[in-house]
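A short worksheet on the structure shown next.
Numbering (my numbering), first residue to last: 11 to 256.
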(Lines of atoms letter the chains of each structure in order from A; the text may use other names.)
(Lines give C-alpha, C1' and ligand atoms only; values in the text may rest on other atoms or scores of the structure.)
Protein backbone atom coordinates (compact mmCIF):
# COMPACT_ATOMS: atom_id res chain seq x y z
CA UNK A 11 0.00 0.00 0.00
CA UNK A 12 1.43 3.36 -1.04
CA UNK A 13 1.89 6.48 1.04
CA UNK A 14 1.23 10.21 0.77
CA UNK A 15 3.85 12.28 -1.03
CA UNK A 16 4.21 15.98 -0.27
CA UNK A 17 5.89 18.29 -2.76
CA UNK A 18 7.10 21.39 -0.96
CA UNK A 19 7.32 24.63 -2.89
CA UNK A 20 8.83 28.02 -2.12
CA UNK A 21 8.98 28.46 1.65
CA UNK A 22 8.69 24.73 2.32
CA UNK A 23 12.13 23.31 1.59
CA UNK A 24 11.85 21.25 4.77
CA UNK A 25 8.85 20.08 6.78
CA UNK A 26 9.59 20.65 10.49
CA UNK A 27 6.74 18.39 11.62
CA UNK A 28 8.23 15.41 9.76
CA UNK A 29 10.08 12.80 11.82
CA UNK A 30 12.74 11.79 9.29
CA UNK A 31 13.46 8.07 9.02
CA UNK A 32 15.50 7.99 5.82
CA UNK A 33 16.65 9.71 2.68
CA UNK A 34 16.82 8.31 -0.85
CA UNK A 35 18.69 9.47 -3.93
CA UNK A 36 16.93 8.05 -6.98
CA UNK A 37 17.82 8.29 -10.63
CA UNK A 38 15.03 8.13 -13.18
CA UNK A 39 14.84 7.71 -16.96
CA UNK A 40 14.31 11.48 -16.99
CA UNK A 41 17.28 12.48 -14.86
CA UNK A 42 17.61 13.40 -11.22
CA UNK A 43 14.81 14.80 -9.05
CA UNK A 44 15.19 18.20 -7.43
CA UNK A 45 16.49 16.79 -4.15
CA UNK A 46 16.73 13.65 -2.08
CA UNK A 47 13.41 12.04 -1.26
CA UNK A 48 12.87 12.32 2.47
CA UNK A 49 10.98 9.46 4.08
CA UNK A 50 9.46 9.96 7.50
CA UNK A 51 6.49 9.95 9.84
CA UNK A 52 3.88 12.69 9.93
CA UNK A 53 1.10 12.34 12.49
CA UNK A 54 2.33 8.76 12.94
CA UNK A 55 1.95 7.84 9.26
CA UNK A 56 4.61 7.23 6.63
CA UNK A 57 5.03 10.00 4.08
CA UNK A 58 7.47 11.05 1.40
CA UNK A 59 8.65 14.65 1.10
CA UNK A 60 10.39 16.31 -1.86
CA UNK A 61 11.59 19.91 -2.06
CA UNK A 62 10.49 21.03 -5.52
CA UNK A 63 13.16 23.72 -5.83
CA UNK A 64 15.93 21.70 -4.18
CA UNK A 65 17.46 21.90 -0.72
CA UNK A 66 18.69 24.60 -0.48
CA UNK A 67 16.13 26.44 -2.62
CA UNK A 68 18.05 27.05 -5.85
CA UNK A 69 16.15 25.61 -8.84
CA UNK A 70 13.97 28.19 -10.62
CA UNK A 71 10.46 27.11 -11.66
CA UNK A 72 11.23 26.73 -15.36
CA UNK A 73 14.23 24.49 -14.59
CA UNK A 74 12.51 22.09 -12.18
CA UNK A 75 12.70 18.52 -13.48
CA UNK A 76 9.00 17.82 -12.97
CA UNK A 77 9.15 14.48 -14.76
CA UNK A 78 11.97 13.15 -12.59
CA UNK A 79 10.24 14.40 -9.45
CA UNK A 80 6.94 12.63 -10.11
CA UNK A 81 8.58 9.48 -11.44
CA UNK A 82 10.86 9.20 -8.40
CA UNK A 83 7.97 9.68 -5.98
CA UNK A 84 5.96 6.95 -7.65
CA UNK A 85 8.93 4.58 -7.68
CA UNK A 86 9.49 5.26 -3.96
CA UNK A 87 5.93 4.23 -3.15
CA UNK A 88 3.79 7.35 -3.43
CA UNK A 89 0.10 6.63 -3.97
CA UNK A 90 -1.22 10.17 -3.48
CA UNK A 91 0.38 13.60 -3.96
CA UNK A 92 -0.33 16.89 -2.23
CA UNK A 93 1.55 19.78 -3.80
CA UNK A 94 2.15 22.91 -1.73
CA UNK A 95 2.42 26.09 -3.78
CA UNK A 96 3.08 29.73 -2.87
CA UNK A 97 0.95 31.88 -5.18
CA UNK A 98 -0.17 35.42 -5.92
CA UNK A 99 -3.77 36.43 -5.40
CA UNK A 100 -5.66 37.71 -8.44
CA UNK A 101 -9.22 37.47 -7.17
CA UNK A 102 -10.16 40.02 -4.51
CA UNK A 103 -11.12 37.16 -2.21
CA UNK A 104 -7.54 35.83 -2.20
CA UNK A 105 -5.60 38.08 0.23
CA UNK A 106 -2.13 37.23 1.58
CA UNK A 107 -2.31 34.40 4.11
CA UNK A 108 -5.40 32.90 2.47
CA UNK A 109 -5.49 29.28 1.30
CA UNK A 110 -6.90 28.12 -2.01
CA UNK A 111 -7.53 24.54 -3.10
CA UNK A 112 -7.85 25.09 -6.86
CA UNK A 113 -10.24 23.06 -8.96
CA UNK A 114 -8.90 23.97 -12.40
CA UNK A 115 -5.78 25.26 -14.12
CA UNK A 116 -4.69 27.24 -17.18
CA UNK A 117 -1.18 26.58 -18.43
CA UNK A 118 0.69 29.68 -19.67
CA UNK A 119 4.12 28.03 -19.47
CA UNK A 120 6.26 27.12 -22.45
CA UNK A 121 9.32 25.04 -23.24
CA UNK A 122 8.98 22.68 -20.28
CA UNK A 123 9.21 18.91 -20.61
CA UNK A 124 5.52 18.30 -20.01
CA UNK A 125 4.73 14.67 -20.80
CA UNK A 126 6.02 11.14 -20.34
CA UNK A 127 4.37 10.11 -23.62
CA UNK A 128 6.68 11.33 -26.37
CA UNK A 129 9.40 8.80 -27.26
CA UNK A 130 9.35 5.14 -28.37
CA UNK A 131 5.57 4.95 -28.22
CA UNK A 132 3.48 2.06 -29.47
CA UNK A 133 0.58 4.49 -29.79
CA UNK A 134 -0.17 8.13 -29.07
CA UNK A 135 -1.61 8.63 -25.57
CA UNK A 136 -4.06 11.38 -24.61
CA UNK A 137 -5.02 11.68 -20.93
CA UNK A 138 -8.34 13.13 -19.79
CA UNK A 139 -7.54 16.40 -18.02
CA UNK A 140 -11.08 17.75 -17.68
CA UNK A 141 -10.66 17.89 -13.91
CA UNK A 142 -6.93 18.41 -13.26
CA UNK A 143 -7.14 17.82 -9.52
CA UNK A 144 -8.39 14.75 -7.69
CA UNK A 145 -11.77 15.72 -6.23
CA UNK A 146 -11.67 13.31 -3.29
CA UNK A 147 -8.27 14.62 -2.20
CA UNK A 148 -9.42 18.22 -2.67
CA UNK A 149 -12.37 17.61 -0.37
CA UNK A 150 -10.10 16.12 2.30
CA UNK A 151 -7.92 19.24 2.22
CA UNK A 152 -10.97 21.47 2.43
CA UNK A 153 -12.36 19.55 5.39
CA UNK A 154 -9.13 20.05 7.34
CA UNK A 155 -8.95 23.74 6.43
CA UNK A 156 -12.49 24.18 7.67
CA UNK A 157 -11.81 22.24 10.88
CA UNK A 158 -8.75 24.40 11.57
CA UNK A 159 -10.81 27.55 10.79
CA UNK A 160 -8.19 28.77 8.32
CA UNK A 161 -9.38 31.30 5.75
CA UNK A 162 -9.67 29.44 2.47
CA UNK A 163 -11.43 29.16 -0.87
CA UNK A 164 -12.91 25.85 -1.98
CA UNK A 165 -11.99 26.35 -5.62
CA UNK A 166 -10.48 28.65 -8.19
CA UNK A 167 -8.46 28.53 -11.36
CA UNK A 168 -4.67 28.36 -10.97
CA UNK A 169 -2.86 30.32 -13.69
CA UNK A 170 0.55 28.71 -14.26
CA UNK A 171 3.06 31.36 -15.40
CA UNK A 172 6.50 30.72 -16.82
CA UNK A 173 8.66 32.65 -14.36
CA UNK A 174 11.12 33.09 -12.85
CA UNK A 175 10.22 36.78 -13.08
CA UNK A 176 6.96 37.94 -11.59
CA UNK A 177 4.16 38.86 -13.97
CA UNK A 178 3.34 42.27 -15.42
CA UNK A 179 0.09 43.99 -14.46
CA UNK A 180 -1.18 43.47 -18.02
CA UNK A 181 -0.47 39.76 -17.82
CA UNK A 182 -2.44 39.56 -14.59
CA UNK A 183 -5.34 41.46 -16.17
CA UNK A 184 -5.30 38.92 -18.99
CA UNK A 185 -5.33 36.02 -16.52
CA UNK A 186 -8.19 37.64 -14.64
CA UNK A 187 -10.19 37.94 -17.87
CA UNK A 188 -9.43 34.25 -18.48
CA UNK A 189 -10.92 33.42 -15.10
CA UNK A 190 -7.80 32.82 -12.99
CA UNK A 191 -8.09 33.40 -9.24
CA UNK A 192 -4.43 32.76 -8.35
CA UNK A 193 -1.12 32.75 -10.18
CA UNK A 194 1.94 30.59 -9.60
CA UNK A 195 4.89 29.21 -11.54
CA UNK A 196 4.97 25.49 -10.68
CA UNK A 197 1.42 24.18 -11.07
CA UNK A 198 2.16 22.88 -14.56
CA UNK A 199 3.27 20.50 -15.92
CA UNK A 200 3.30 18.92 -12.45
CA UNK A 201 -0.46 18.29 -12.31
CA UNK A 202 -0.57 16.79 -15.79
CA UNK A 203 2.41 14.53 -15.15
CA UNK A 204 0.77 13.20 -12.00
CA UNK A 205 -2.32 12.40 -14.05
CA UNK A 206 -0.21 10.57 -16.63
CA UNK A 207 1.20 8.42 -13.82
CA UNK A 208 -2.32 7.90 -12.41
CA UNK A 209 -1.34 9.51 -9.12
CA UNK A 210 -4.23 11.32 -7.35
CA UNK A 211 -2.97 14.90 -7.04
CA UNK A 212 -4.23 18.09 -5.39
CA UNK A 213 -2.77 21.51 -4.73
CA UNK A 214 -2.71 23.36 -1.42
CA UNK A 215 -1.96 26.94 -2.43
CA UNK A 216 -0.99 29.64 0.05
CA UNK A 217 -1.48 33.20 -1.19
CA UNK A 218 1.67 35.14 -0.29
CA UNK A 219 1.16 38.40 -2.17
CA UNK A 220 -1.36 40.34 -4.25
CA UNK A 221 -0.63 39.71 -7.93
CA UNK A 222 0.92 42.48 -10.04
CA UNK A 223 -1.31 45.54 -10.21
CA UNK A 224 -3.55 44.34 -7.36
CA UNK A 225 -1.88 46.48 -4.71
CA UNK A 226 -0.12 49.81 -4.62
CA UNK A 227 3.60 49.77 -5.18
CA UNK A 228 5.99 46.99 -6.19
CA UNK A 229 5.89 43.41 -4.95
CA UNK A 230 8.56 43.10 -2.26
CA UNK A 231 10.19 39.78 -1.45
CA UNK A 232 10.49 40.68 2.23
CA UNK A 233 6.71 41.00 2.41
CA UNK A 234 6.27 37.64 0.70
CA UNK A 235 8.75 35.98 3.04
CA UNK A 236 6.92 37.31 6.11
CA UNK A 237 3.62 35.84 4.89
CA UNK A 238 5.29 32.53 4.06
CA UNK A 239 6.91 32.27 7.48
CA UNK A 240 3.51 32.54 9.15
CA UNK A 241 1.58 30.54 6.57
CA UNK A 242 3.86 27.54 6.25
CA UNK A 243 3.35 26.72 9.94
CA UNK A 244 -0.35 26.37 9.15
CA UNK A 245 0.50 24.26 6.10
CA UNK A 246 2.12 21.70 8.41
CA UNK A 247 -1.07 21.48 10.46
CA UNK A 248 -3.17 20.95 7.33
CA UNK A 249 -0.88 18.20 6.04
CA UNK A 250 -0.90 16.44 9.40
CA UNK A 251 -4.67 16.65 9.45
CA UNK A 252 -5.23 15.37 5.94
CA UNK A 253 -3.04 12.30 6.40
CA UNK A 254 -5.50 11.00 8.99
CA UNK A 255 -8.21 11.00 6.32
CA UNK A 256 -6.31 8.91 3.77
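Ideal Cβ placement from N, Cα and C applies to all residues, glycine included.
Given residue i, which residues of its chain have a CB within under 8 Å of its CB, disregarding the five upstream and five downstream residues?
i, result
"residue 245", "22, 94, 214 and 216"
"residue 159", "none"
"residue 28", "48, 50, 51, 52, 57 and 59"
Determine which residues share a DSSP beta bridge with residue i and list them.
i, result
"residue 209", "Answer is none; residue 209 lacks a bridge partner."
"residue 59", "16 and 48"
"residue 34", "47"
"residue 193", "98 and 169"
"residue 236", "In the DSSP output, where bridge partners are listed per residue, residue 236 has none listed."
"residue 214", "94"
"residue 163", "110"
"residue 41", "38"
Keeping to the same chain, check which residues put their C-beta closer than 6 Å to that of residue i; ignore five residues upstream and five downstream.
i, result
"residue 25", "59"
"residue 55", "253"
"residue 147", "210 and 212"
"residue 32", "49"
"residue 98", "193, 219 and 221"
"residue 122", "199"
Is residue i near residue j, with beta carbons less than 8 Å apart?
i, j, result
"residue 91", "residue 176", "no"
"residue 108", "residue 164", "no"
"residue 167", "residue 191", "yes"
"residue 82", "residue 125", "no"
"residue 47", "residue 256", "no"
Below 8 Å on the Cβ atoms is my contact criterion, and I expect residue i with residue j to pass it. Report the Cβ-Cβ distance as a whole number of Å.
i, j, result
"residue 44", "residue 63", "6 Å"
"residue 195", "residue 105", "Not confirmed; about 20 Å, so no contact."
"residue 116", "residue 170", "7 Å"
"residue 198", "residue 119", "6 Å"
Could you tell me if the beta carbon of residue i falls within a distance shorter than 7 Å of some heavy atom in the ligand ZN?
i, result
"residue 108", "As presented, the structure is devoid of all ligands, the ligand ZN included, so that no description of it is given."
Please list, in chain order, all residues of the same chain as residue i whose beta carbon is under 7 Å from its beta carbon, the five residues on each side excluded.
i, result
"residue 185", "100, 169 and 193"
Minimum length 3: unbroken beta strand (DSSP E) runs contained in the segment 69-150: Counting only runs of 3 or more, we get 88-99 and 114-117.
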